[in-house]
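Shown next, in structure tokens, is the structure this report addresses.
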Amino acid sequence: KFVIDELLGAQRASVLAFLVALLLVANLAIHVLNNVRDYLMAEAGMFFDRKLEELLGEKAMEMDFEYTEDPEVLTQMQKAKTGVTWYSGGIVGIGENVAAIASGIIQFAGTLYIIVLLSPWLIAVILVIVALSMAVASASQKAYVRFMKDLVGINRRFGYYFGLLKDFRIAKDIRLYDAADLFMKRVDRYIRDEWIVQDKRTVAQNRYDVAQSALGAAQQSIMYGYLGLQALAGAITIGEFQMLAGAVGAFAGGLTTVLRQVIQIGKNADFLKEYKVFMEMPAAKRSGSEPVPEERRGVLELRNVTFRYPRSGEAALTDVSLVIEPGQRLAVVGPNGAGKTTFVKLLTRLYDPVEGQVLLDGRDVRDFAYEEYSKLFAVVFQDYKLLAFSVRDNLAMGEPHDDARLLRALAAVGLDGKLDELPRGLDTPVNKIFDKDGVDFSGGERQKLAIARAVFRDASVVILDEPTAALDPISEYEVYRDFDRLVGGKTAIYISHRLSSCRFCDRIAVFDQGRIVEYGTHNELLARGGLYARLWNTQAEWYVEAGTSGAGVLDLKEM
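Printed below as a string of structure tokens:
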């Protein structure tokens, strides 16, 4: 206003120079402050993004195992991850919302005085239009949140299949089975699903944008029409016309910014709430606090245990009772889906029974601290995993150790010779994902590393849950036999489809349809003529037939 009035009035060069200099200094200061703010926000954003990701990872690692097999929980974890990052803009997004609110308050508060002084009735018009605009903006934000949440499940599936296309571990299967089209069809399917959701969102957003534009045009028309008539009538100067036009726009813009950012914070908070929901997810099972007694017999017992997986109406185990004495060799056998692995999950407290109890020396294991109880077990599952870490870290898994123990564990499984060939010894990476000096171990060697991990842990109970299923019967028998020698006087539980691998066990529990249908020694079960005997004889006939065809005879009786 002052610059325009000076140009149209006295036209004093010194005054104009002062006003222009004042504008330049003010603008420069604002730009500097904005840059400082952006820098500080970026620093804070990086810190909080890393911290929130770290907390999310800790929660995922600490949560009860049953959650890791629950698709609803996995989707909630994806909602938490996206909700705290690009959906909401994270902490930076919230910070920018707050900064915009502060800026908007300063903007509309500063211009409010000018409008009230020169043209107060414009305030009422602006407030009505802003209120209508906010109603449209609120509806728009709610629709946006709804559509983006619909995308979470789609994006999780898309990420899974797209990730498989880049996973070298399944490259052989994709190429040999010419499965690239199958994977691409899945990826394309979720791209189409996302496109449908995004298309609906865009159509809805366009409608809201048109409504906002119409309200903005109405505000401009009223403002310029009224101020123009005032200027023509001589009620205000050209400078005041410019000042009021700018003030009305700044007031409406500032007020709109504040209200929009409040709505935006609500939207972002709605996304951030998904993070809070995941982080506050309660424990699925009870965890006691009592330490496991150092002096203990080590008798494990399942007493009238019934279990069904979450969201499953059918019981995986029904009224199972079993006592495992210290130092006992127990074989767990039965058809697929009989409940063998579920039995291990309950024994190791990955799950808790729905009915009945798991006991240690007569005490319910839920009374003990979970971390202490789990240290009683060393388990090698069928789907064991080796990580892209060093051999050392794959064996120790973060536990304090000395090299002598690691070397003894490797020697126990026959990998001491292999260790001499490794370029960095115990520090050699497993596979070449991140390091050219990494070693791609053979299937048998990887299996031995997994068993060496169990040996290194030196737990009082060791469990082999079919980690040798990919081996031929003779090799599997040898692995179990050698491992049995390593176990010494510890309690050992062996799960296998091949009954010959469990011949040396003290007792055999035969599972079928979630129940223990037979229990006894090998000879007792054969004499009984039940399911175990039928499975044994069927396998023996197969081996004999294989032998007569030139594949070599596997003598089950000697085993």
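Quick note: the sequence shown uses the working numbering, first residue 1025, plus one each step.
Don't be surprised by glycine CBs; every beta carbon is placed ideally from N, CA and C.
- Contact between Gln1165 and Lys1291 holds: their C-beta atoms lie close to 5 Å from each other, under 8 Å.
- Excluding the 5 residues flanking it on each side, Glu1379 has same chain C-beta neighbours closer than 6 Å at Thr1330, in chain order.
- Val1368 is a Cβ neighbour of Val1403, given a cutoff of 8 Å.
- Residue state for Leu1326 is assigned as strand, using DSSP reduced to three classes.
- Taking a cut-off of 8 Å on C-beta distances, the segment 1396-1416 touches the segment 1483-1491, as three or more cross pairs fall below it.
- The three-state reading of DSSP puts Asp1536 in strand, counting E and B together.
- By the C-beta criterion, the segment 1382-1392 is judged not to be in contact with the segment 1430-1446, since fewer than 3 inter-stretch pairs fall below 8 Å.
- Sorting Leu1043, Arg1284, Glu1077 and Leu1032 by C-alpha distance to the C-alpha of Ser1127 places Arg1284 at the top.
- In this model, Ile1519 and Glu1490 are separated by some 6 Å (Cα to Cα).
- Phe1302 counts as buried, since at least 16 other C-beta atoms from the protein chains shown sit within 10 angstroms of its C-beta.
- Following the DSSP letters along the chain, one finds Gly1380 in no alpha helix (DSSP H) but inside the beta strand (DSSP E) bounded by residues Glu1379 to Leu1384.
- With at least 16 other beta carbons inside 10 angstroms of its own, Arg1522 counts as buried.
- Rounded to whole angstroms, the Cβ separation of Asp1508 and Phe1535 is 21 Å, and the two are not in contact under 8 Å.
- Three or more Cβ pairs closer than 8 Å define a contact, and the segment 1119-1134 falls short of that threshold against the segment 1228-1248.
- Of Glu1319, Asp1294, Leu1251 and Lys1409, the smallest CA-CA separation from Trp1145 is found for Leu1251.
- For Thr1452, the three-state secondary structure derived from DSSP is coil.
- The C-alpha of Met1065 lies about 28 Å from the C-alpha of Arg1170.
- Per DSSP, reduced to three states, the secondary structure at Tyr1543 is strand.
- Taking 8 Å as the cut-off, the beta carbon of Val1323 is found closer than this to the beta carbon of Pro1350.
- Taking a contact as a CB-CB distance under 8 Å, the pair Gln1236 and Val1160 counts as one, their CB atoms being some 6 Å apart.
- For the pair Tyr1184 and Arg1225, the CB atoms are not nearer than the 8 Å cut-off.
- With a contact defined as Cβ atoms closer than 8 Å, Val1382 and Leu1346 miss out at about 10 Å.
- With a minimum length of 4 residues, the unbroken runs of alpha helix (DSSP H) contained wholly in the segment 1066-1130 fall at 1089-1092 and 1095-1107.
- About 18 Å separates the beta carbon of Val1479 from that of Leu1411, a gap too long to meet the 8 Å contact definition.
- Residue state for Ser1345 is assigned as strand, using DSSP reduced to three classes.
- Non-local beta-carbon contacts of Tyr1214 in its own chain, meaning distances under 6 Å to residues more than five positions away in sequence, involve Ile1178, Arg1181 and Phe1182 in chain order.
- In this structure, the straight-line span from the alpha carbon of Val1152 to that of Leu1239 is close to 10 Å.
- Look at Thr1515 here: in three-state DSSP terms it is strand.
- In this structure the segment 1026-1043 lies against the segment 1252-1272, because at least three pairs of beta carbons, one per stretch, are closer than 8 Å.
- The DSSP-derived three-state label of Arg1390 is helix.
- For Ile1147, the three-state secondary structure derived from DSSP is helix.
- Counting only residues of its own chain and dropping the five nearest sequence neighbours on each side, Tyr1299 has a CB closer than 6 Å to the CB of Ala1104, Gly1107 and Val1108.
- Per DSSP, Val1415 is not a residue of any beta strand (DSSP E); the alpha helix (DSSP H) it occupies stretches across Val1415 to Ala1420.
- Scanning Gly1033, Gly1081 and Gly1113 for the CA closest to the CA of Met1070 turns up Gly1113.
- Listed in chain order, the non-local C-beta contacts of Phe1132 below 6 Å within the same chain comprise Phe1275, Gly1278 and Leu1279, local neighbours out to five positions each way being set aside.
- DSSP places Phe1401 outside any alpha helix (DSSP H); the residue lies instead in the beta strand (DSSP E), whose first and last residues are Phe1401 to Phe1405.
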